[in-house]
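One structure below.
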Amino acid sequence: MQATARAYTGAVIRCLHASALALALSFATVWPAAAQAPAAAAPAAAASATVSGTGQRIYADMQPRLLQVRTLLKTQDSQSSVGSAFLVTAEGHLITNYHVISSYALAPERHRLVYATVDGQQGALQLLAFDVLHDLALLKPVDPAPLRGRGAVPFRADGAEPERGARIFSLGNPLDVGFAVTEGAYNGLAERHYLPTLFFGGSLSSGMSGGPALDAQGRLVGVNVAARRDGEQVSFLVPAALAQALLARGRNAAPITQPVHGEIERQLLAHQAGLVDAFIAQPWRAAGHPRYRIPVPMETYSRCWGSGTAAGGRGLLFERSDCAMDSAVFIDERLRTGTITVRHETYDGSRLGPLRFQQRYNASFDNEVVGRRDSHRVAALCTERTVRAGGGLPLRAVVCLQAYKKLPQLFDLSVLTASLDSGTTGVQGRLDAQALSFDNAQRLARHYLEGFGWTTPPPSTAPKTGAR
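Mind the numbering: the sequence shown is residues -35 to -1, 1 to 433 in mature numbering (1 follows the signal peptide of the UniProt record, and there is no 0), read in order.
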């Protein structure tokens, strides 16, 4: 049975919604074992440059305001994560990364938070607020007395940014071997990141996550957060303005003592609303195929890479495009979410003949895996039909939803397609989006299916029909 892409996606997701949501709610009280959070940013090569006199001065000035934050099991002193932090008020408020304290945030009944200063002071910490989207957390000591009189790391004036290439100084406790300073260059916002992230041309090592990155005057530029494993001196900071906003929002908040899944869900719902709006507002790029119109996203928030068979190859020829976002939201060590990926493959089997081409073409589609088998999600629910895309192009389409056990208003979406208009050529596509509301899953699936069509409609077509 034929259906338009718009009508099909509405019917499919309405059918899946009740079942997926019911499943999610039925598992809402099942709590997975607490995961070990990563200690800090991904390891990177050590900086080779000698620390300058400015770096030495900044480290000496900031030593009293630097802390190490540890997440410990409640019944023993074994640590599940360790990172850095810094004081932002005279009352003892401190900023670190959410991923440093995520084990406590998700299971406070099993964990506790403690700090250690450069001069050996130690004490218990409370979690006041967090920003899971930008990987920030605001803490305060249970007893502020040991941290009084140490001062606070100052913020830069609103809107003021260093010039590109300016020296900045990252501080933290790398690999738990002692507090240190690393010099690098400020390079502004990283390109193609949906979530604002600063590109720091310096080295960050494990244990430095949550530490401050300062300008030459000792003012906060950003918060250490991550480093690329596949490059040298490619590290990232959370912009200082986001830390300042978290401080303003949570400064007088009551300590968090219960699992934070509800607040995580609220923040992810806001994230996906803005992301889907921004994604749909952009036109699809042309894939350049002579027969098919294929939805390829703009590279505003994602990077696209292409591959294919070698020139002059025999047998089945194909070209492939993979587009993925650089930004993802860390929930715990085993769950990163909030992204959209799009890919497609075009096939030319004119040298194989219709029978062999269809065997290879169908096998490629059937090899796709949908859904993630983990403790965070229920099993995916899928349905398959034949639909007509733009201009009447017949598509085999599979739409799947996978619900989260503890985030019942959010779903992962997968849409798989394969053209059915030719015996020796075709295009297959896939869109995956994580942590969407039901309504936005419906919008995004429809938007993707409507992106397919013919570049130039063939003079006569005899599309296959049927439903499964």
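Just so it is clear, CB atoms sit at the ideal spot from N, CA and C, and this is done for glycine as well.
Since this is a predicted model, take the numbers as computed values, not measurements.
| Item | Value |
| --- | --- |
| Sequence-distant residues of its chain with Cβ nearer than 8 angstroms to D339 (five each side left out) | R299, L300 |
| Close-in-space but distant-in-sequence residues of the same chain around Q1 (CB under 8 angstroms, 5 per side omitted) | In this prediction, Q1 scores a pLDDT of 39, lower than 50, which makes its location untrustworthy; no coordinate-derived value is stated. |
| Cβ-based neighbour list, C365, same chain, cut-off 6 angstroms, excluding 5 preceding and 5 following | V335, A345, C347, S379 |
| Beta carbon of P204 nearer than 8 angstroms to that of L92 | no |
| Which residues DSSP lists as bridging F295, in chain order | R301 |
| Straight-line gap, G143 to L169 (C-alpha atoms, nearest Å) | 14 angstroms |
| Length-filtered (3 minimum) beta strand (DSSP E) runs lying within the region 111 to 199 | 132 to 137, 145 to 154, 163 to 166, 177 to 179, 185 to 192 |
| For R279, the three-state DSSP class (helix, strand or coil) | coil |
| Identified DSSP bridge partners for H76 | L38 |
| Rounded distance between the beta-carbons of L281 and R325, thought under 8 angstroms | 5 angstroms |
| Where the beta strand (DSSP E) containing Q91 begins and where it ends | 87 to 96 |
| Close beta carbons around C288, own chain, < 6 angstroms, minus the five adjacent residues each side | P262, S267, C269, V307 |
| L71 in three-state terms, based on DSSP | helix |
| Cβ pair count under 8 angstroms reaching 3, the region 190 to 197 against the region 132 to 146 | no |
| Supposed contact pair Y24 and A50 - C-beta distance, whole angstroms, cut 8 angstroms | So it is not a contact: roughly 16 angstroms between Cβ atoms. |
| Exposed unless 16 or more other CB atoms sit within 10 angstroms - verdict on T421 | exposed |
| Cut-off 6 angstroms between Cβ atoms - residues of its own chain near P177, not counting five sequence neighbours on either side | F51, V118, L136, L185 |
| Within 8 angstroms, strictly: CB atoms of L154 and L163 | yes |
| Of the listed residues T311, G172, R77, nearest to T40 (C-alpha basis) | R77 |
| Continuous alpha helix (DSSP H) stretch holding A219: start and end | Here A219 belongs to no alpha helix (DSSP H), and DSSP marks it neither H nor E. |
| Beta-carbon proximity check, T82 vs L37, cutoff 8 angstroms | no |
| Proximal residues to I245 (C-beta, below 8 angstroms), its chain only, five neighbours per side dropped | R408, L409, H412 |
| Bridge partners - Q33, DSSP secondary structure assignment | S49, A81 |
| D96 burial status per 10 Å Cβ neighbour count (16 or more: buried) | buried |
| Local Cβ density within 10 Å of P373, reported as buried at 16 or more and exposed below that | buried |
| For V343 and Q367, believed in contact at Cβ under 8 angstroms, the rounded distance | 7 angstroms |
| Best match in D313, V363, K371 for proximity to G388 [C-alpha to C-alpha] | D313 |
| Alpha helix (DSSP H) runs wholly inside the region 354 to 433, at least 4 long, in chain order | 403 to 414 |
| Close beta carbons around P111, own chain, < 7 angstroms, minus the five adjacent residues each side | Q86, G88 |
| Beta-carbon separation (whole angstroms), E208 vs L101, contact threshold 8 angstroms | Note that residue 208 is Ala in the sequence shown here, rather than Glu. Going by Cβ atoms, the distance from A208 to L101 rounds to 6 angstroms, so yes, they are a contact pair. |
| Buried/exposed call for A243, threshold 16 Cβ in 10 Å | exposed |
| Straight-line Cα distance separating A238 from L317 | 45 angstroms |
| Residue burial classification, R319 (beta-carbon count within 10 angstroms, cutoff 16) | It should be pointed out that residue 319 corresponds to Pro in this sequence rather than to Arg. So P319 ends up on the exposed side. |
| Per-residue burial, V107 [other beta carbons within 10 Å of its own, 16 or more giving buried] | exposed |
| C-beta atoms of L358 and F283 nearer than 8 angstroms | no |
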